[in-house]
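Below you'll find the structure, written out as structure tokens, and then a few comments.
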Ligand code: PEP
């Protein structure tokens, strides 16, 4: 039985008041039958840590440095995230890859640093629309995954993988359940070739997941939950998505 998980990526959204309202609503709701995590902006880690204390909802961040510590102005070390109670950190989100020039090697190094600090890296892979239209999806996500698996070896069994087609993120245009399943199955097979226990590897789908499409996506055999952007900012939507994941 693989772990089922729904993680919220708040991106650069939030305020002390809005966070409190959102987290209070999540904490007050009955726990879904899946792991639940929220990945908040760095300045709100302490607030979220306090509000989530004892709730069973995991705390995460959206990025970490590939370095342990040092002269890296503006960066945040995985060890610092750990000190604020983080259990997870997203690495290689397409917005980091695209807007901040993070390549596969950097993403792999970040995943390695996260694991070294006791964090579960949620490693994102995904193709652009242009790459999909040129039938390069498997080549692109395969190489993105290879970089992580090569560096981590057997340690890669400690990651969570997230397939997030770039064209589906924040666009309202989700991959169809069949499209997502096809890529998830490909990624699991790829992981199997690296001799890790691919059947146990949690794989999340991300990209315009909403309450009305979550159930069909999560019903796919290789989709173990979701990484949720926009809909994670609304408690009712996020909880409905978590309930959909928990029902499989
Ligand atoms: C994301 O930011 O990881 C994401 C999947 O965003 P959205 O759900 O808004 O498409």
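In our numbering, the protein residues as written are 2 to 249. Beta carbons: idealized from backbone N, C-alpha and C, even for Gly.
Check, Outcome
"Contact test: residue 162 Cβ vs ligand 1 heavy atom, cutoff 7 Å", "no"
"Contiguous beta strand (DSSP E) assignments of at least 3 residues, all confined to the region 139 to 188", "161 to 164"
"Residue 242 and residue 28 closer than 8 Å at C-beta", "no"
"Residue nearest to residue 16 in terms of C-alpha spacing, selected from 46, 5, 168 and 104", "46"
"Near ligand 1: residue 10 beta-carbon under 7 Å from a heavy atom", "yes"
"Contact test: residue 210 Cβ vs ligand 1 heavy atom, cutoff 7 Å", "yes"
"For residue 89, the first and last residue of its enclosing beta strand (DSSP E)", "87 to 92"
"Boundaries of the alpha helix (DSSP H) in which residue 108 is found, first to last residue", "105 to 117"
"Integer Cβ distance of residue 37 from residue 72, believed to fall under 8 Å", "About 37 Å separates the two Cβ atoms, so there is no contact after all."
"Closer than 7 Å: residue 123 CB and nearest ligand 1 heavy atom", "no"
"Residue from 105, 54 and 219 with nearest C-alpha to residue 151", "105"
"Simplified DSSP assignment, three categories, for residue 45", "helix"
"Rounded straight-line distance, which links the Cα of residue 224 to that of residue 297", "One cannot answer for residue 297 here, as it falls past the ends of the chain, which runs 2 to 249."
"Residues of its chain near residue 11, where Cβ-Cβ distance is below 6 Å and the 5 sequence neighbours each way are ignored", "41"
"Whether residue 120 touches residue 83 by CB criterion (8 Å)", "yes"
"Beta-carbon contacts of residue 114 that lie in its chain and below 8 Å, excluding the five residues immediately before and after", "65, 66, 67, 68, 69, 78 and 79"
"Unbroken alpha helix (DSSP H) run spanning residue 100, endpoints", "95 to 101"
"Helix, strand or coil at residue 212 according to DSSP, with G and I counted as helix", "helix"
"C-alpha gap between residue 33 and residue 21, whole angstroms", "20 Å"
"CB-CB length for residue 132 against residue 138, believed under 8 Å", "6 Å"
"Pick from 76, 18, 3 and 93 that is closest to residue 163, judged by C-alpha positions", "93"
"Coil, strand or helix - residue 27 by DSSP", "helix"
"Near ligand 1: residue 176 beta-carbon under 7 Å from a heavy atom", "no"
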